[in-house]
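Notes follow the structure.
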Amino acid sequence: MTLSFSSVQAQRVLASIINLCLHIHHETLGGTGTLTVSCTFDPALTFTSASPTPVVNGNTLTWTLAQLTSFGNRHINVNLQVPPNPALIGTELMHSATASIAQPETNLTNNSTVHLRTVTGSYDPNDKLASTSSQLSDALYYIDQDEWIDYTIRFQNTGTDTAFNVVITDTLPPTLDPGTFELGPRSHSCITQMAGQGIVRFIFNNIQLPDSNVNEPASHGLVQFRIKPHLPIAPGTMVENIANIYFDFNPPVITPPSVLVAEFSTGVGEERIANLLLSPVPVIDQLNVVSPIEIRSVRIVAADGREVVQRSVRSSSAAIDVSTLKAGAYLLIATMTNGMEVRERFLNL
């Protein structure tokens with residue numbers, strides 16, 4: 000079972016309705032039994048609607064769904080309102096989701112996902128967003144923290160008639176390794192082609208994408224992929240990428256450039272900190288934390304922003320009781336004795 004997020008808008012835009020899409024894929028033979036999915040959206044947003052209809056409890060949505068068959072897929076769409084509050088600009092919003100099935104699973108690590116994005120003031124409906132595997136920054140690729148870059152290309156038919164075919168071309172910059180390309184979730188079926196030294200084409204034949212004047216929610220589409228940079232990558236290297244979106248025979252819509260800058264996470268002149276080691280993942284009852292540097296204290300923050308655990312450590316390792324925490328995604332913030340903070344996300348079952 001794999002679970003992933005996407006959203007129609009690349010950023011959270013003031014006073015807009017955003018659409019979150021949960022993609023669930025059953026990776027093995029046989030049925031799953033009853034499928035249960037929960038999504039906790041950022042409390043700064045307001046729930047407006049979803050398909051299928053969920054059970055709503057505060058900012059947590061729950062679905063109990065029929066089983067998935069062998070290698071089956073299911074999509075859940077959630078619409079959320081961003082309030083028209085200028086103070087939200089620059090705020091990072093966090094959504095999390097988990098999926099569970101009736102049948103036993105040997106691998107639970109891909110049954111959860113966390114989605115982080117930043118509120119902005121306006122947006123182009125045709126754009127390209129980059130996020131890194133650590134999700135620590137929307138602007139930086141941390142050489143000592145990140146492995147993948149996840150790209151999302153969004154498109155919308157803002158014309159005056161149905162778009163029957165959409166083709167997206169993406170010429171990868173030389174900083175990216177085409178041999179590591181992996182196709183991710185997409186809103187519609189598409190053919191993917193790789194040519195030359197990294198020219199990717201996403202071909203949406205017979206997509207029949209309605210124009211935004213006729214059916215605004217259905218006028219959007221997206222495709223996601225992940226890729227690794229060529230290594231080694233030097234600090235200060237800029238990874239810049241655009242996409243060209245062709246609606247039928249019209250000239251291409253060129254997305255604004257997506258830019259990441261490679262840096263070490265601790266910056267120049269600061270002591271480099273390795274990742275915390277958290278185990279087990281997902282967590283059940285007790286979270287074990289190990290660090291190469293002495294930890295002064297740890298805090299655990301829930302998805303709604305509440306601090307649920309605070310503890311003094313004064314050691315390079317700690318065992319934290321999380322048996323009283325509800326199931327869901329959490330953020331652990333460790334403050335080191337040298338004053339630096341390290342953040343790691345984890346899922347509590």
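Following numbering that gives the first Met the number 0, the numbering of the sequence shown begins with 0 at its first residue and continues without gaps. Even for Gly, the Cβ is constructed at its ideal location relative to N, Cα and C.
{"Item": "Since Thr170 is in the beta strand (DSSP E), which residue starts that stretch and which ends it?", "Value": "Val165 to Thr170"}
{"Item": "Between His229 and the rest of its own chain, which residues show a CB-CB distance below 8 Å, the 5 nearest in sequence each way excluded?", "Value": "Pro173, Thr174, Leu175 and Asp176"}
{"Item": "Beta-carbon within less than 8 Å of Pro51's beta-carbon, same chain only, minus the 5 sequence neighbours each way: which residues are those?", "Value": "Trp62, Leu64 and Ile75"}
{"Item": "Given a threshold of 16 other Cβ atoms within 10 Å of its Cβ, counted over all protein chains shown, does Arg271 qualify as buried or as exposed?", "Value": "Reliability fails at Arg271, whose pLDDT of 40 lies under 50, so the model's placement of it is uncertain and the value that follows must be treated cautiously. Exposed, since its Cβ has fewer than 16 Cβ neighbours within 10 Å."}
{"Item": "Rounded to whole angstroms, how far is the Cβ of Asp247 from the Cβ of Asn125, which I believe are closer than 8 Å?", "Value": "With a Cβ gap of about 15 Å, Asp247 and Asn125 do not count as contacting."}
{"Item": "Could you tell me whether the Cβ atoms of Gln80 and Leu44 are closer together than 8 Å?", "Value": "yes"}
{"Item": "Take every Cβ of the region 188-202, pair it with every Cβ of the region 136-150, and state whether three or more of those distances are shorter than 8 Å.", "Value": "no"}
{"Item": "With a threshold of 16 other CB atoms inside 10 Å of the CB of Gly268, please say whether the residue is buried or exposed.", "Value": "For Gly268, the pLDDT reaches just 33, beneath the cut-off of 50, and the residue's location in the model is therefore unreliable, leaving the point undetermined."}
{"Item": "With DSSP as the reference, please indicate the residues paired to Asp149 in a beta bridge.", "Value": "Ser130 and Arg225"}
{"Item": "Report the start-end ranges of each beta strand (DSSP E) in the region 170-230 that is 3 residues or longer and not cut off at the edges.", "Value": "175-185, 190-194, 198-203 and 219-228"}
{"Item": "Mapping DSSP to helix, strand and coil, what is Leu34?", "Value": "strand"}
{"Item": "Quick one: using the 10 Å Cβ neighbour count with 16 as the cut-off for buried, is Val55 buried or exposed?", "Value": "exposed"}
{"Item": "How about Ile142 and Ala261: are their beta carbons less than 8 Å apart?", "Value": "yes"}
{"Item": "Asn323: buried (16+ other C-beta within 10 angstroms of its C-beta) or exposed?", "Value": "A small correction: the amino acid at residue 323 is Thr; Asn does not occupy that position in the sequence shown. Result: exposed."}
{"Item": "Per DSSP, what kind of secondary structure is Leu87 in: helix, strand or coil?", "Value": "helix"}
{"Item": "Which term fits Ile198, buried or exposed, when burial requires 16 or more other beta carbons within 10 angstroms of its beta carbon?", "Value": "exposed"}
{"Item": "Report the three-state DSSP secondary structure of Ser15 (helix, strand or coil).", "Value": "coil"}
{"Item": "Let me know if Asp284 comes out buried or exposed under the rule of 16 or more other beta-carbons within 10 Å of its beta-carbon.", "Value": "exposed"}
{"Item": "Determine whether the beta carbon atoms of Ile319 and Val288 lie at a separation below 8 Å.", "Value": "yes"}
{"Item": "Pick helix, strand or coil for Gln309, following the three-state DSSP scheme.", "Value": "strand"}
{"Item": "Check the DSSP bridge columns for Met93 and list the partner residues they point to.", "Value": "Leu115"}
{"Item": "Tell whether a beta-carbon distance below 8 Å holds between Asp41 and Met93.", "Value": "yes"}
{"Item": "Do three or more CB pairs link the region 176-187 to the region 244-258 at distances below 8 Å?", "Value": "no"}
{"Item": "For Gly266, is the classification buried or exposed, using 16 other Cβ atoms within 10 angstroms of its Cβ as the cut-off for buried?", "Value": "Any reading at Gly266 needs caution, since the residue's pLDDT is 44, under 50, leaving its predicted position unreliable; the model's value is listed next. Looking at its Cβ environment, which holds fewer than 16 other Cβ atoms inside 10 Å, Gly266 is exposed."}
{"Item": "Return the CA-CA distance between Gln66 and His24, expressed in angstroms with no decimal places.", "Value": "11 Å"}
{"Item": "Go through its chain and collect everything with a Cβ distance to Ser48's Cβ below 6 Å, but skip five positions before and after it.", "Value": "Asn78"}
{"Item": "For the 8 Å Cβ check, are there 3 or more pairs between the region 232-243 and the region 214-221?", "Value": "no"}
{"Item": "Can you tell me whether Met339 is helix, strand or coil according to DSSP?", "Value": "coil"}
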